Amino acid sequence: MKSVVISVLTLLPWMPVPGLAKPAIDWLSIHWPPSRIADGVDKGQGHLDQMQQLLMAELVQYRHQVHYSNFARVEQTLAAPTAQTCMFALIYNETRGKTMFFSIPAVTSVNVMLHMRADHPLARQWRSGTGVALSEVTLDPTMNGLVERNRGYPAEVKKYLDIAGRNLTGQSLQSVNPVDLLTASRFDYLIEFPDRVRYFQSISLQKSQLVDIPIRGLDPLIYSYVACQNSAEGKLRIRDINQALQKLRGNKAYLDAMMRWLSPHRQQQVQKILPQFADDVNSPSL
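Okay, structure coming up:
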(Lines of atoms letter the chains of each structure in order from A and count residues from 1; the text may use other names and numbers.)
(Lines give C-alpha, C1' and ligand atoms only; values in the text may rest on other atoms or scores of the structure.)
Protein backbone atom coordinates (compact mmCIF):
# COMPACT_ATOMS: atom_id res chain seq x y z
CA MET A 1 0.00 0.00 0.00
CA LYS A 2 2.82 2.37 0.90
CA SER A 3 4.43 2.03 -2.53
CA VAL A 4 1.10 2.70 -4.23
CA VAL A 5 0.59 5.91 -2.25
CA ILE A 6 4.09 7.11 -3.11
CA SER A 7 3.53 6.41 -6.80
CA VAL A 8 0.27 8.38 -6.85
CA LEU A 9 1.81 11.33 -5.00
CA THR A 10 4.73 11.33 -7.39
CA LEU A 11 2.35 11.69 -10.32
CA LEU A 12 0.25 14.47 -8.83
CA PRO A 13 2.44 17.45 -9.81
CA TRP A 14 2.20 16.47 -13.47
CA MET A 15 -1.57 15.92 -13.50
CA PRO A 16 -4.00 18.74 -14.44
CA VAL A 17 -5.84 20.06 -11.40
CA PRO A 18 -9.49 20.99 -12.06
CA GLY A 19 -10.20 24.64 -11.27
CA LEU A 20 -6.54 25.68 -11.18
CA ALA A 21 -6.12 28.98 -13.05
CA LYS A 22 -3.96 28.98 -16.14
CA PRO A 23 -0.80 31.12 -16.03
CA ALA A 24 -1.26 34.52 -17.64
CA ILE A 25 0.42 36.47 -20.40
CA ASP A 26 -0.10 40.22 -20.35
CA TRP A 27 0.58 41.41 -23.88
CA LEU A 28 1.85 44.97 -24.33
CA SER A 29 0.46 46.76 -27.36
CA ILE A 30 -0.04 50.24 -28.76
CA HIS A 31 -2.29 51.95 -31.27
CA TRP A 32 0.01 52.01 -34.29
CA PRO A 33 -1.91 51.47 -37.54
CA PRO A 34 -1.83 49.51 -39.72
CA SER A 35 0.20 47.17 -37.51
CA ARG A 36 -1.85 47.55 -34.33
CA ILE A 37 -5.31 49.11 -34.06
CA ALA A 38 -6.62 49.82 -30.56
CA ASP A 39 -10.00 51.42 -31.22
CA GLY A 40 -12.78 51.98 -33.73
CA VAL A 41 -14.49 49.45 -35.96
CA ASP A 42 -11.14 47.96 -36.99
CA LYS A 43 -9.92 47.35 -33.43
CA GLY A 44 -7.67 44.29 -33.36
CA GLN A 45 -7.47 44.12 -37.17
CA GLY A 46 -3.95 45.42 -37.64
CA HIS A 47 -1.64 42.94 -39.33
CA LEU A 48 0.44 42.44 -36.18
CA ASP A 49 -2.80 42.15 -34.20
CA GLN A 50 -3.87 39.31 -36.48
CA MET A 51 -0.53 37.54 -36.23
CA GLN A 52 -0.58 37.87 -32.44
CA GLN A 53 -4.13 36.47 -32.31
CA LEU A 54 -2.97 33.39 -34.22
CA LEU A 55 -0.12 32.99 -31.75
CA MET A 56 -2.43 33.34 -28.75
CA ALA A 57 -4.75 30.72 -30.24
CA GLU A 58 -1.82 28.28 -30.26
CA LEU A 59 -0.99 29.02 -26.62
CA VAL A 60 -4.12 27.51 -25.09
CA GLN A 61 -2.29 26.75 -21.85
CA TYR A 62 -2.26 30.48 -21.00
CA ARG A 63 -4.79 33.19 -20.23
CA HIS A 64 -4.22 36.17 -22.51
CA GLN A 65 -4.92 39.85 -21.99
CA VAL A 66 -3.84 42.69 -24.28
CA HIS A 67 -2.93 46.01 -22.67
CA TYR A 68 -2.77 49.10 -24.91
CA SER A 69 -0.44 51.94 -23.98
CA ASN A 70 1.84 54.51 -25.64
CA PHE A 71 5.46 54.27 -26.77
CA ALA A 72 6.93 55.93 -23.68
CA ARG A 73 5.00 53.73 -21.23
CA VAL A 74 5.78 50.59 -23.19
CA GLU A 75 9.50 51.35 -22.91
CA GLN A 76 9.07 51.97 -19.17
CA THR A 77 7.33 48.61 -18.79
CA LEU A 78 10.01 46.83 -20.83
CA ALA A 79 12.61 48.27 -18.46
CA ALA A 80 10.81 46.80 -15.42
CA PRO A 81 8.50 44.01 -16.66
CA THR A 82 6.43 41.66 -14.51
CA ALA A 83 6.68 37.89 -14.83
CA GLN A 84 3.57 37.95 -17.05
CA THR A 85 4.73 40.74 -19.39
CA CYS A 86 5.31 39.83 -23.04
CA MET A 87 5.30 41.77 -26.30
CA PHE A 88 4.84 40.57 -29.86
CA ALA A 89 6.98 41.88 -32.75
CA LEU A 90 9.60 43.63 -30.64
CA ILE A 91 12.91 44.60 -32.25
CA TYR A 92 15.92 43.54 -30.20
CA ASN A 93 18.44 45.95 -28.77
CA GLU A 94 20.95 45.59 -25.94
CA THR A 95 18.94 47.71 -23.51
CA ARG A 96 15.82 45.59 -23.97
CA GLY A 97 17.92 42.44 -23.80
CA LYS A 98 18.86 43.22 -20.18
CA THR A 99 15.28 42.86 -18.94
CA MET A 100 13.53 40.85 -21.67
CA PHE A 101 14.18 37.34 -23.01
CA PHE A 102 13.65 37.05 -26.77
CA SER A 103 12.13 34.27 -28.87
CA ILE A 104 13.14 32.91 -32.24
CA PRO A 105 12.15 35.29 -35.10
CA ALA A 106 8.42 36.00 -35.12
CA VAL A 107 8.20 38.56 -37.94
CA THR A 108 10.38 39.56 -40.85
CA SER A 109 9.85 42.88 -42.58
CA VAL A 110 11.48 45.53 -44.73
CA ASN A 111 13.59 47.84 -42.59
CA VAL A 112 12.94 51.55 -42.18
CA MET A 113 13.76 53.61 -45.26
CA LEU A 114 13.94 57.27 -46.18
CA HIS A 115 10.72 58.44 -47.86
CA MET A 116 10.23 61.67 -49.77
CA ARG A 117 8.08 63.20 -52.50
CA ALA A 118 8.95 61.97 -55.97
CA ASP A 119 9.09 65.59 -57.17
CA HIS A 120 11.59 66.63 -54.49
CA PRO A 121 14.73 68.11 -56.13
CA LEU A 122 16.96 65.48 -54.52
CA ALA A 123 14.74 62.44 -55.11
CA ARG A 124 16.14 61.46 -58.50
CA GLN A 125 19.75 61.95 -57.39
CA TRP A 126 19.34 59.87 -54.24
CA ARG A 127 17.42 57.08 -55.96
CA SER A 128 20.16 56.65 -58.56
CA GLY A 129 22.70 55.59 -55.94
CA THR A 130 22.97 52.69 -53.52
CA GLY A 131 21.21 54.54 -50.73
CA VAL A 132 21.66 57.62 -48.61
CA ALA A 133 24.05 58.23 -45.72
CA LEU A 134 22.28 59.85 -42.78
CA SER A 135 25.60 61.32 -41.69
CA GLU A 136 25.35 63.54 -44.79
CA VAL A 137 21.58 63.96 -45.15
CA THR A 138 21.07 65.16 -41.59
CA LEU A 139 23.74 67.87 -41.95
CA ASP A 140 21.95 69.71 -44.77
CA PRO A 141 20.56 72.94 -43.23
CA THR A 142 18.02 73.29 -46.04
CA MET A 143 16.36 69.96 -45.19
CA ASN A 144 13.99 68.83 -42.44
CA GLY A 145 13.64 65.17 -41.51
CA LEU A 146 10.98 63.47 -39.42
CA VAL A 147 10.70 60.36 -37.25
CA GLU A 148 8.12 59.32 -34.67
CA ARG A 149 9.01 60.23 -31.09
CA ASN A 150 9.77 57.53 -28.48
CA ARG A 151 10.19 54.77 -31.05
CA GLY A 152 12.90 52.12 -30.93
CA TYR A 153 14.83 53.11 -34.07
CA PRO A 154 18.08 51.48 -35.23
CA ALA A 155 21.27 52.98 -33.79
CA GLU A 156 22.15 54.37 -37.24
CA VAL A 157 19.02 56.53 -37.02
CA LYS A 158 19.02 57.35 -33.30
CA LYS A 159 22.52 58.82 -33.28
CA TYR A 160 21.37 61.68 -35.53
CA LEU A 161 17.98 62.27 -33.87
CA ASP A 162 17.30 65.57 -32.06
CA ILE A 163 20.97 66.51 -32.14
CA ALA A 164 22.11 70.14 -32.45
CA GLY A 165 23.28 70.83 -35.99
CA ARG A 166 21.26 67.91 -37.41
CA ASN A 167 17.95 68.24 -39.24
CA LEU A 168 16.27 65.04 -37.99
CA THR A 169 13.59 65.58 -35.33
CA GLY A 170 11.08 63.40 -33.52
CA GLN A 171 7.38 64.25 -33.22
CA SER A 172 4.29 62.49 -31.93
CA LEU A 173 2.38 61.05 -34.89
CA GLN A 174 -0.45 59.39 -32.95
CA SER A 175 -3.03 61.76 -34.43
CA VAL A 176 -1.13 62.98 -37.50
CA ASN A 177 -0.70 61.48 -40.96
CA PRO A 178 3.03 61.92 -41.74
CA VAL A 179 2.36 61.55 -45.47
CA ASP A 180 0.23 64.71 -45.29
CA LEU A 181 3.20 66.51 -43.72
CA LEU A 182 5.44 65.41 -46.60
CA THR A 183 2.86 66.38 -49.21
CA ALA A 184 2.45 69.83 -47.65
CA SER A 185 6.27 70.26 -47.67
CA ARG A 186 6.33 70.58 -43.88
CA PHE A 187 9.17 68.05 -43.99
CA ASP A 188 11.51 66.94 -46.75
CA TYR A 189 11.86 63.34 -45.69
CA LEU A 190 10.42 60.74 -43.34
CA ILE A 191 12.19 57.69 -41.90
CA GLU A 192 9.64 54.91 -41.57
CA PHE A 193 8.73 51.34 -42.49
CA PRO A 194 7.46 51.08 -46.11
CA ASP A 195 4.29 49.20 -45.15
CA ARG A 196 3.31 51.93 -42.71
CA VAL A 197 3.92 54.67 -45.27
CA ARG A 198 1.84 52.75 -47.81
CA TYR A 199 -1.02 52.62 -45.31
CA PHE A 200 -0.82 56.36 -44.64
CA GLN A 201 -0.85 57.02 -48.38
CA SER A 202 -4.04 54.96 -48.67
CA ILE A 203 -5.92 57.12 -46.15
CA SER A 204 -4.44 60.50 -47.11
CA LEU A 205 -6.79 62.97 -48.79
CA GLN A 206 -3.82 64.47 -50.62
CA LYS A 207 -2.70 61.97 -53.21
CA SER A 208 0.96 62.14 -54.08
CA GLN A 209 3.83 60.06 -55.37
CA LEU A 210 6.47 59.10 -52.83
CA VAL A 211 9.76 57.28 -53.26
CA ASP A 212 11.57 55.12 -50.72
CA ILE A 213 15.36 55.09 -50.54
CA PRO A 214 17.55 52.63 -48.59
CA ILE A 215 19.60 53.98 -45.69
CA ARG A 216 23.25 52.99 -45.75
CA GLY A 217 24.33 50.98 -42.75
CA LEU A 218 20.93 49.32 -42.27
CA ASP A 219 20.10 45.77 -43.30
CA PRO A 220 17.32 45.82 -45.93
CA LEU A 221 15.28 43.27 -43.96
CA ILE A 222 14.92 42.85 -40.22
CA TYR A 223 13.53 40.38 -37.73
CA SER A 224 11.35 41.15 -34.74
CA TYR A 225 10.58 38.79 -31.90
CA VAL A 226 8.34 37.94 -28.99
CA ALA A 227 9.90 39.05 -25.72
CA CYS A 228 8.98 38.18 -22.13
CA GLN A 229 10.57 38.98 -18.78
CA ASN A 230 14.17 37.82 -18.52
CA SER A 231 13.44 35.40 -15.68
CA ALA A 232 12.74 31.71 -15.15
CA GLU A 233 9.01 32.32 -15.68
CA GLY A 234 9.60 34.43 -18.77
CA LYS A 235 11.87 31.79 -20.28
CA LEU A 236 9.19 29.13 -19.79
CA ARG A 237 6.75 31.32 -21.70
CA ILE A 238 9.29 31.85 -24.48
CA ARG A 239 9.86 28.08 -24.67
CA ASP A 240 6.15 27.57 -25.39
CA ILE A 241 6.03 30.59 -27.71
CA ASN A 242 8.96 29.23 -29.74
CA GLN A 243 7.12 25.95 -30.28
CA ALA A 244 4.06 27.83 -31.51
CA LEU A 245 6.11 30.10 -33.78
CA GLN A 246 7.80 27.16 -35.47
CA LYS A 247 4.33 25.99 -36.48
CA LEU A 248 2.96 29.41 -37.44
CA ARG A 249 5.87 30.50 -39.63
CA GLY A 250 4.65 28.01 -42.22
CA ASN A 251 1.01 29.07 -41.82
CA LYS A 252 -0.47 30.89 -44.84
CA ALA A 253 -2.79 33.11 -42.78
CA TYR A 254 0.13 34.16 -40.58
CA LEU A 255 2.38 34.99 -43.55
CA ASP A 256 -0.41 36.75 -45.48
CA ALA A 257 -1.03 39.01 -42.49
CA MET A 258 2.70 39.72 -42.19
CA MET A 259 2.89 41.06 -45.76
CA ARG A 260 -0.56 42.64 -45.96
CA TRP A 261 0.55 46.27 -46.37
CA LEU A 262 3.70 45.73 -48.39
CA SER A 263 3.78 46.77 -52.04
CA PRO A 264 4.09 43.92 -54.57
CA HIS A 265 7.78 44.77 -55.00
CA ARG A 266 8.42 44.68 -51.26
CA GLN A 267 6.42 41.46 -50.92
CA GLN A 268 8.74 39.80 -53.43
CA GLN A 269 11.70 41.06 -51.42
CA VAL A 270 10.37 39.39 -48.25
CA GLN A 271 9.22 36.20 -50.00
CA LYS A 272 12.80 35.48 -51.05
CA ILE A 273 13.86 34.95 -47.44
CA LEU A 274 10.74 33.15 -46.16
CA PRO A 275 12.43 29.70 -46.24
CA GLN A 276 15.32 31.09 -44.19
CA PHE A 277 12.87 32.84 -41.84
CA ALA A 278 10.85 29.64 -41.31
CA ASP A 279 13.98 27.63 -40.42
CA ASP A 280 15.69 30.21 -38.20
CA VAL A 281 15.72 29.01 -34.58
CA ASN A 282 18.22 31.56 -33.28
CA SER A 283 17.34 33.95 -30.49
CA PRO A 284 19.26 37.19 -29.84
CA SER A 285 19.04 36.31 -26.13
CA LEU A 286 21.25 33.22 -26.56
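One point on numbering: in UniProt numbering, the residue at position 232 of the sequence shown is 232, and numbering is uninterrupted. Note that beta-carbon positions come from the ideal geometry of N, C-alpha and C, so glycine has one too. Just so you know, these numbers come straight off a predicted model, no measurement behind them.
Bridge pairing for W27: V66 and C86 [DSSP].
For S103, the enclosing beta strand (DSSP E) stretches over residues M100 to V110.
Shown here, R127 sits in a helix according to DSSP, grouped into three states. Listed as beta-bridge partners of H115 by DSSP are L190 and D212. Annotation: L146 to Q61 spans about 43 Å, alpha carbon to alpha carbon. Taken through DSSP and simplified to helix, strand or coil, Y92 comes out as coil. Counting along the chain, no beta strand (DSSP E) covers L173, and no H or E run does either. A direct Cα-Cα distance of roughly 39 Å separates H64 from L210. Separation of the CB atoms of I238 and V226 is rounded to 7 Å, and the pair is thereby assigned contact status at 8 Å.
A contact is defined here as three or more CB-CB pairs under 8 Å, and the segment 88-96 fails this definition with respect to the segment 262-274. Per DSSP, Q52 is one residue of the alpha helix (DSSP H) stretching across H47 to E58. Counted as a single uninterrupted DSSP element, the beta strand (DSSP E) harbouring I222 occupies residues L221 to Q229. Between D188 and the set P121, A38 and S224, the nearest pair of CA atoms involves P121. Y153 and A253 have their C-alpha atoms spaced approximately 28 Å apart. A check of alpha carbon separations from A80 across I203, Q53 and G234 identifies G234 as the nearest. For V147, the enclosing beta strand (DSSP E) covers residues G145 to E148.
About 6 Å separates the CB atoms of D280 and I104; that is less than 8 Å, so the two are in contact.
In the same chain as L48, and ignoring 5 residues on each side of it, the C-beta atoms closer than 6 Å to its own belong to S35, R36 and A89, in chain order. Around L181, the same chain offers L146, F187 and L190 as residues with beta carbons nearer than 8 Å, after the five sequence neighbours per side are excluded. Per DSSP, the unbroken alpha helix (DSSP H) holding Y254 starts and ends at K252 to M258. Residue pairing by DSSP places V132 opposite I215 in a beta bridge.
Going by C-alpha positions, H31 is about 30 Å away from V137.
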